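Numbering (the UniProt record's numbering), first residue to last: 1 to 142.
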C-alpha cells in the first residue's frame with residue numbers, strides 16, 4: 001500500500017495547494033508579464049479593490065498577485081516558482097523576443113541546465129525580482 005492510499009484509507013487526506021501569493025510593486029506590469037510570458041489566464045477575484053489580480057494555475061491552484069510592495073527586493077534563486085512548458089526552445093524564443101535575461105542553475109547566461117533525469121530548465125526573474133524556473137518536465141505537460 002502506498003503512503004497516499006494509506007492516508008486516504010485512514011481518513012487523513014493530504015492538504016492540497018490552494019494558491020500562491022506574490023507581493024508586487026506594480027500590479028498591471030506584473031500581470032502583463034505573467035500573461036504574456038506564461039500565458040496565464042486571469043480569473044475573477046472577489047475583492048474588487050484594485051490590489052489583486054488572480055490567475056488560474058490549472059490543477060495546481062491559483063496565483064494571486066497582490067499590489068503593495070514598496071520596493072523590489074533581492075530574492076534567492078533557491079526560493080522560486082516553477083512552471084512546466086511543452087517546449088523550452090519555444091519558451092526561450094518568447095524570452096528573447098521580450099529581451100528577458102535567463103540563466104541556468106549555475107548562473108551561466110542563456111544556457112539551460114539539463115537535470116540528471118533529462119529535464120531542461122532555465123531561471124529568470126519577474127519585474128519584482130522573484131525567481132521563476134521554467135522546465136520541460138513531460139509528466140506535467142499532459
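C-beta: ideal position from N, C-alpha, C; glycine also. As the structure is a computational prediction, the values presented were derived from the model and not from experiment.
Length of the line joining the Cα atoms of residue 76 and residue 132
As a working mapping, residue 76 is identified with position 76 in the chain shown. As a working mapping, residue 132 is identified with position 132 in the chain shown. So the two alpha carbons sit approximately 11 Å from each other.
Looking at the structure shown, is residue 56 part of a helix, part of a strand, or coil, going by DSSP?
What you label residue 56 is simply residue 56 of the chain shown in a count that begins at 1. In the structure shown, residue 56 sits in a strand (DSSP, three-state: E or B).
Helix or strand or just coil, what does DSSP make of residue 132?
By one-based count along the chain shown, residue 132 stands at place 132. Reduced to three states, the DSSP call for residue 132 is strand.
Which value, in whole angstroms, describes the spacing of the CA atoms of residue 90 and residue 15?
Looking up residue 90 in the chain shown gives position 90. Looking up residue 15 in the chain shown gives position 15. Answer to the nearest angstrom: the Cα atoms are 34 Å apart.
Can you tell me which of the three DSSP states residue 102 falls into?
Stepping through the chain shown from its first residue, residue 102 is reached at position 102. It is coil, neither helix nor strand.
Quick check on residue 14: does DSSP put it in helix, strand or coil?
By 1-based counting over the chain shown, the position of residue 14 is 14. Judged by DSSP in its simplified three-state form, residue 14 adopts coil rather than helix or strand.
Between the region 97 to 105 and the region 47 to 61, are three or more C-beta pairs nearer than 8 Å?
They do not touch, by the three-pair rule.
Rounded to a whole number of angstroms, what is the C-alpha to C-alpha distance between residue 54 and residue 45?
Residue mapping note: residue 54 aligns to position 54 of the chain shown, counting from 1. Residue mapping note: residue 45 aligns to position 45 of the chain shown, counting from 1. Answer to the nearest angstrom: the Cα atoms are 6 Å apart.
Are residue 129 and residue 73 closer than 7 Å when you measure CB to CB?
As a first step, residue 129 is located in the chain shown; it is residue number 129 there, counting from the start. As a first step, residue 73 is located in the chain shown; it is residue number 73 there, counting from the start. Yes, these two residues count as a Cβ contact at 7 Å.
Note down, in chain order, each residue of its chain lying with its Cβ closer than 7 Å to the Cβ of residue 112, except the 5 sequence neighbours on either side.
For the purposes of this step, residue 112 is taken as the residue at position 112 of the chain shown. Sequence-distant partners of residue 112 (beyond 5 residues in either direction) whose C-beta falls short of 7 Å from its own C-beta, in its chain, are 88, 104, 120, 121, 122.
Residues bridged to residue 21 by DSSP?
The residue labelled residue 21 in the question sits at position 21 within the chain shown. Partner(s): 64.
With 7 Å as the threshold, decide whether the Cβ of residue 116 is near any Cβ in chain D.
Given the protein chain composition of this structure (a single chain), no chain D is represented.
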